Amino acid sequence: MSSFFDLSKKRRSVRTFNGEYPDEKVLNDLKECAASVTNPYNIPIRFVFLDAKDNDLSSPVLSGEKMYVTAVAKPGEHMEEAYGYSFEALLMHAYELGLGGVWIGGTMPREKFEKASSLGADEVMPCMSPVGVASDKMGMKEALMRKGVKADSRFDFEKLFFLNDFDTPLTEKKAEELGVLDALLNLRLSPSAVNKQPWRVVVCGNEAHIFERHDNGYITEHYDLQKIDIGIAMYHFERELKESGKEPVLEVKDPGIKCPDRTDYVATFRW
Ligand SMILES: Cc1cc2nc3c(=O)[nH]c(=O)nc-3n(C[C@H](O)[C@H](O)[C@H](O)COP(=O)(O)O)c2cc1C
183 MSSFFDLSKK
193 RRSVRTFNGE
203 YPDEKVLNDL
213 KECAASVTNP
223 YNIPIRFVFL
233 DAKDNDLSSP
243 VLSGEKMYVT
253 AVAKPGEHME
263 EAYGYSFEAL
273 LMHAYELGLG
283 GVWIGGTMPR
293 EKFEKASSLG
303 ADEVMPCMSP
313 VGVASDKMGM
323 KEALMRKGVK
333 ADSRFDFEKL
343 FFLNDFDTPL
353 TEKKAEELGV
363 LDALLNLRLS
373 PSAVNKQPWR
383 VVVCGNEAHI
393 FERHDNGYIT
403 EHYDLQKIDI
413 GIAMYHFERE
423 LKESGKEPVL
433 EVKDPGIKCP
443 DRTDYVATFR
453 W
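Numbering of the sequence shown is given in our numbering, commencing with residue 183 and proceeding in unit increments.
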């Protein structure tokens, strides 16, 4: 098992912090990562680190945090996938450094975070995350929230992943034969808004076609929050494939597979 797999297994959203600033060296490391992180679409994502007190920022679901990172982008084709991919790369690096965070796309005073991020007229800031060290004890509010969205569980493997078409569930055994078991298991550990897990994957030989299964209420004027979930999942999938020595290449070319209701093609990884 790769160390990235281990990290993904240990990762969870953190909403209760220890009330201290992150160590300066650690924070600088994270800032360097933010300045260099890329995505397969080569769409720029701008990260902004914000002090909670200086900017009078807070969130009703968080406690003990001293700072945040917001991510800003220009709306357009594939922005959401690129956004999810790049921001998740940054957050996984934060976990690697011993920090905690949580994707926040709803429960924040949005206008204040946008203003503090110096949002341009042509920019959006779909999400932010607190940055800090997790408190030893999870707050009661956080524990209840996790229970409410069943944050510790995921849909069955065979409900998310398919072989050649959507009529044939992919078994873990077959996924192993095809060399994608760990990558799919890692994808399945991804965070998603309200833990809706909108990702579906159809594996055909050495290709994995990634689809989005839409729920109601996630499309705003400028972006689709669940497509950001797909970008997050793409990061986990691709990184785990790379850990196993494969060289995945991203392509956007609809394979024409018949889709269930409310399900759309997003992208393909070939290796
Ligand atoms: C795009 C996105 C937006 C999210 N928005 C919020 C939010 O507004 N408030 C919140 O408390 N959690 C939010 N979450 C966190 C999810 O609830 C969490 O990832 C999910 O319940 C799974 O739990 P886990 O991350 O601990 O595995 C968001 C997650 C994602 C990926």
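No residue lacks a Cβ here, since even glycine has one placed at the ideal position from N, Cα and C.
These numbers were taken from a predicted model, which means no experiment stands behind them.
Every alpha helix (DSSP H) of 4 residues or more that sits fully in the segment 266 to 353 is shown, in chain order, as 292 to 298, 322 to 330, 339 to 342. When the beta-carbon positions are compared, N368 and H418 come within less than 7 angstroms of each other.
The C-alpha of L232 is placed about 30 angstroms away from the C-alpha of F187. Going by beta carbons, F199 and T252 fall outside the 7 angstroms limit. Secondary structure note for H418: its alpha helix (DSSP H) is the uninterrupted segment 407 to 425.
Relative to ligand 1, the beta carbon of P373 is positioned inside 6 angstroms of a heavy atom. Sequence-distant partners of K256 (beyond 5 residues in either direction) whose C-beta falls short of 7 angstroms from its own C-beta, in its chain, are D304, E305. Each residue's CA atom was taken as its position, placing L279 and K341 some 33 angstroms apart. Taken atom to atom, the span from the alpha-carbon of D211 to that of H275 is near 9 angstroms. By the Cβ test, the segment 383 to 390 is in contact with the segment 355 to 374, since at least three Cβ pairs between them sit closer than 8 angstroms. Burial state of A375 is buried, judged by a 10 Å Cβ sphere holding 16 or more other Cβ atoms.
In this structure, V306 has its CB at a distance of at least 6 angstroms from all heavy atoms of ligand 1.
About 17 angstroms separates the beta carbon of S245 from that of W285, a gap too long to meet the 8 angstroms contact definition. In terms of Cβ geometry, C215 and L281 do not form a close pair [threshold 7 angstroms]. Across the set S268, V243, A234, V219, the C-alpha of A234 shows the shortest separation from the C-alpha of E202.
A Cβ-Cβ distance of about 4 angstroms is found for the pair G287 and C309, placing them in contact under the 8 angstroms criterion. Not one heavy atom of ligand 1 falls within 6 angstroms of the beta-carbon of I392. Here G361 is not near V313, since their CB atoms are 7 angstroms or more apart. For the set T350, F451, A333, N388, the Cα lying nearest the Cα of E359 is the one of N388. Inter-residue distance for I439 and P351 is about 14 angstroms (C-alpha atoms, whole angstroms). In the three-state scheme derived from DSSP, where H, G and I count as helix and E and B as strand, E394 is classed as strand.
Measuring C-alpha to C-alpha distances from P226 to each of L326, L423, L363, G258 identifies G258 as the nearest. Using a cutoff of 6 angstroms, the CB of S195 counts as near ligand 1, since one of the ligand's heavy atoms is closer than that. The criterion of a C-beta distance shorter than 7 angstroms is not satisfied by V448 and I414.
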